[in-house]
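There are 2 protein chains.
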Amino acid sequence: MSAVTINDVAREAGVSKKTVSRVINNEANVSVETRDKVMAVIQATGFKRNPLGMALAKNRSLFIALLADNPSPGYLQKLQKGVLQYCSESNMGLFLYDCSYRSPGLVAEIEGFIDNTLADGLILVPPLSDKKELLDMLNRRKVAYVRIGAPDAALGDSVGFDNQQAAYELTRYLLRLKHKDIGFVLGHPDQGSSQRCEAGFRQAYAEAGLEFPEKLLVQGYYTFQSGVDAAAVLLNKKPRPTAILASNDEMAVGVLYSAHSRGLKVPDDISVVGIDDIALSTKVWPNLTTMRQPITAIGYRAAYKLIRKLQGLPDEGPTSPDADLLTCELIVRDSAREPGRN
Amino acid sequence: MSAVTINDVAREAGVSKKTVSRVINNEANVSVETRDKVMAVIQATGFKRNPLGMALAKNRSLFIALLADNPSPGYLQKLQKGVLQYCSESNMGLFLYDCSYRSPGLVAEIEGFIDNTLADGLILVPPLSDKKELLDMLNRRKVAYVRIGAPDAALGDSVGFDNQQAAYELTRYLLRLKHKDIGFVLGHPDQGSSQRCEAGFRQAYAEAGLEFPEKLLVQGYYTFQSGVDAAAVLLNKKPRPTAILASNDEMAVGVLYSAHSRGLKVPDDISVVGIDDIALSTKVWPNLTTMRQPITAIGYRAAYKLIRKLQGLPDEGPTSPDADLLTCELIVRDSAREPGRN
DNA sequence: TGACACGTTGACACCGGTGTCAATATGCTT
DNA sequence: AAGCATATTGACACCGGTGTCAACGTGTCA
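Taken in order, these protein sequences are the chains called A and B. This note's numbering applies: residue 1 is where the first sequence begins, and numbers increase by one. This note's numbering applies: residue 1 is where the second sequence begins, and numbers increase by one.
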């Protein structure tokens with residue numbers, strides 16, 4: 001809506017529009033007085049360049065999109081925050097696109113979305129980051145993308161954290177507290193992170209020289225409701241596990257809910273822990289002990305990688321091979337302690 | 001990145017680009033055979049029109065933005081969902097912009113955002129919808145906007161629900177349950193909704209012929225933490241209130257947390273109710289009794305109004321004067337019951 | 001048969017910027 | 001003074017579409 005264009009400025013300043021273009025782009029080889037004159041007119045008229053015209057001329061992109069169908073709203077919210085942050089810093093717009101993972105026309109739908117918006121960079125959130133057909137389509141159309149939390153390097157750039165490590169350390173923590181019968185709630189079978197978590201559980205048991213409690217491994221889907229359901233199964237086992245480890249906090253909160261609703265006290269009767277550390281984790285009672293995943297930082301870094309790539313600039317971030325595998329941290333709160341008085 | 005342009009199609013089909021333009025825009029006065037020929041080429045080449053070129057030529061907008069600094073993430077998430085939904089339906093992009101309500105440079109910052117993105121329509125979420133300087137700037141620059149939840153018609157379009165009605169009915173519900181000492185947690189003093197809620201509380205007491213418990217009215221700020229703090233004050237009163245009504249669910253969850261952490265049972269020892277019905281409300285234990293606000297529908301309608309306005313089309317929604325004041329609904333769950341065994 | 005309306009089409013300018021290249025002015029070398 | 005490199009500037013085409021208007025062919029009516 002800014003009515004004043006580069007032509008107006010040029011006319012007003014008595015120079016060509018190209019010269020104005022030079023000034024606003026800080027190009028070399030403009031005489032000081034010309035620059036000053038143009039700047040004065042720009043100030044006076046309040047000229048702002050039109051991003052559309054610029055993008056069209058430079059054949060450059062203006063936007064990236066965040067594609068998601070994630071079962072944990074709290075996760076998405078934190079991720080979005082980080083992405084948004086780098087977008088602001090680099091003057092990029094962020095498009096949001098909600099899609100349905102199960103929808104049969106998903107790939108075509110996303111293809112349509114790309115055509116309509118000209119977002120030529122995508123950030124893919126699990127479970128989309130594991131979806132082969134989608135990646136194939138994007139590669140074929142040469143659409144740049146960065147995946148979240150799917151460290152399968154062969155499939156393209158990815159930013160995430162080490163799920164296995166997180167699950168491993170969390171399991172070790174519970175074992176150290178002297179829990180032996182630990183119930184595990186897996187994530188969605190389609191997401192690689194779920195398998196990596198499972199590997200982490202098993203690794204910790206193996207290292208401790210204990211037999212892994214196969215019977216206490218329950219399928220979940222990373223949603224609150226699946227946490228409730230999985231807990232219902234686990235809490236009916238005899239003997240009841242003394243702790244439950246869920247593969248994300250969203251499910252852990254479901255476990256908490258399930259325990260409460262059958263009159264169990266947490267952590268007195270049962271310990272509950274999760275992974276992620278989302279906002280929800282400190283709003284429930286008791287606060288959840290969890291492995292903190294630097295979700296916002298992951299979002300930020302993903303946006304960084306994508307935008308740098310789109311701009312043809314090198315990735316100047318940390319150069320270690322693990323730069324895109326951020327570290328997690330055990331956050332001890334109130335939902336877990338030694339088993340005892342039950 | 002779609003390499004094939006309207007020129008390619010025109011050359012291939014042996015017509016002018018204008019004719020191609022006519023075909024893709026379904027304009028009248030194109031002979032059937034020309035249309036077929038062009039369509040065939042479009043199919044064969046996979047041509048998609050470039051939104052940037054189109055937007056530039058038509059001087060039309062491509063995006064709207066959702067500006068928010070809302071203390072309740074769950075609220076925002078639901079709202080965003082509704083907005084996004086209408087955006088998809090109408091092929092508009094949605095920009096997200098997080099801002100800080102308190103920031104002194106807020107207005108200038110938003111002005112910069114508008115210039116940079118060319119989003120010429122804005123959806124304003126409380127507390128931004130009440131911010132006079134911001135509205136002034138937008139009016140001056142002739143930027144279209146729709147406000148959420150701030151039904152002060154003089155300031156422009158708004159979509160929301162009747163806070164006073166919600167608070168009134170909720171209070172009546174508690175009074176009907178025979179609560180007399182009800183603690184009230186107000187919202188943010190800068191947001192009009194907070195005052196409207198208060199009016200609703202008072203109205204219910206007045207109609208019941210009861211004296212309003214001024215001492216049990218505590219300031220909150222719509223955040224979880226402010227709910228925790230307000231509950232701490234209320235729960236130390238002697239006699240302790242038998243119920244607490246928070247002006248939104250985010251705070252009600254804080255109240256719940258506060259009650260639990262001092263060993264109180266909900267609803268046996270104290271009833272807790274809120275307003276909104278966000279996702280969080282059914283993830284805490286016990287589930288929150290609340291007034292459901294159709295947040296997603298509000299977001300959808302706000303996007304509808306804004307986009308129709310931008311397109312110069314009339315608002316064809318419901319025509320009643322209250323069309324933009326959606327109704328709320330009492331959702332009875334498990335966090336409130338008659339006062340009794342304490 | 002001529003006048004006229006109408007359907008169909010393309011040439012051209014335009015939206016608001018950027019890239020290329022040539023034209024001009026200036027300073028320096030020899 | 002001629003020859004050359006360099007700094008500064010503008011004309012023009014271009015990005016990918018749309019709007020305006022004139023040109024053309026055809027059918028209808030007087």
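Backbone N, C-alpha and C define an ideal beta-carbon position, used for all residues, glycine too.
| Check | Outcome |
| --- | --- |
| Alpha carbon of N91 of chain B to alpha carbon of Y300 of chain B, nearest angstrom | 14 angstroms |
| The stretch 72–80 of chain B / the stretch 98–118 of chain B touching (three or more Cβ pairs under 8 angstroms) | no |
| Buried/exposed call for R196 of chain B, threshold 16 Cβ in 10 Å | buried |
| For Y145 of chain A, three-class secondary structure by DSSP | strand |
| P151 of chain B versus B:V143, B:Y145, B:G160, B:A144, residue with shortest Cα-Cα distance | B:G160 |
| Per-residue DSSP class, three states only, for T34 of chain B | helix |
| Exposure of P286 of chain A, with buried meaning 16 or more beta-carbon neighbours within 10 Å | buried |
| Chain A contact residues for D324 of chain B, given Cβ-Cβ distances below 9 angstroms | The contacting residues do not exist; D324 of chain B stays about 24 angstroms from chain A at best. |
| Min CB distance D157 of chain B to chain A below 9 angstroms | no |
| Cutoff 9 angstroms: P267 of chain A Cβ touching any chain B Cβ | no |
| G254 of chain A vs F224 of chain A beta-carbon contact at 9 angstroms | yes |
| A243 of chain B versus N50 of chain B - alpha carbon distance | 58 angstroms |
| Endpoints, alpha helix (DSSP H) assigned at R202 of chain B | 192–207 |
| Per-residue DSSP class, three states only, for G14 of chain A | coil |
| CB contact below 9 angstroms: Y257 of chain A versus chain B | yes |
| Proximal residues of chain B, C-beta to C-beta of A55 of chain A below 7 angstroms | L52 |
| Positions along the stretch 276–310 of chain A whose CB lies within less than 9 angstroms of some CB in chain B | A279, L280, T282, K283, V284, W285, P286, N287 |
| Assumed close pair G274 of chain B, V218 of chain B - CB separation to whole angstroms, cut-off 8 angstroms | With a Cβ gap of about 14 angstroms, G274 of chain B and V218 of chain B do not count as contacting. |
| Assumed close pair T19 of chain A, V30 of chain A - CB separation to whole angstroms, cut-off 8 angstroms | 7 angstroms |
| Cβ neighbour criterion (16 or more within 10 Å) applied to R140 of chain B | exposed |
| A65 of chain B - partner residues in DSSP beta bridges | B:F95, B:L122 |
| I278 of chain A (DSSP reduced to helix, strand or coil) | coil |
| Per-residue DSSP class, three states only, for E329 of chain B | strand |
| Residues near V23 of chain B in its chain [Cβ-Cβ closer than 8 angstroms; skip 5 each side] | V30, T34, R35, V38, M39, I42 |
| N- and C-terminal bounds of the alpha helix (DSSP H) containing A289 of chain B | In the sequence under discussion, the amino acid at residue 289 of chain B is Thr, which differs from the Ala named in the question. That residue, T289 of chain B, is in no alpha helix (DSSP H); its beta strand (DSSP E) goes 289–292. |
| Whole-angstrom distance between D69 of chain A and M137 of chain B, CA atom to CA atom | 36 angstroms |
| C-beta atoms of A230 of chain A and A246 of chain A nearer than 9 angstroms | yes |
| Cα-Cα separation, V332 of chain B to R147 of chain A | 42 angstroms |
| Local Cβ density within 10 Å of T282 of chain A, reported as buried at 16 or more and exposed below that | buried |
| Neighbour flag for H260 of chain A against chain B, beta carbons, 9 angstroms | yes |
| Rounded Cβ spacing between A166 of chain A and Q293 of chain A (contact assumed at less than 8 angstroms) | 7 angstroms |
| Members of the stretch 83–100 of chain A near chain B, C-beta cut-off 7 angstroms | L84, N91, G93, L94, F95, L96, D98 |
| Near-chain A residues of the stretch 219–237 of chain B (beta-carbon distance less than 9 angstroms), N- to C-terminal order | F224 |
| N-terminal and C-terminal residue of the beta strand (DSSP E) that F224 of chain A is part of | That residue, F224 of chain A, is in no beta strand (DSSP E); its alpha helix (DSSP H) goes 224–235. |
| Buried or exposed (CB count within 10 angstroms, at least 16 for buried), P339 of chain A | buried |
| Bridge partners - I244 of chain A, DSSP secondary structure assignment | A:G183, A:V272 |
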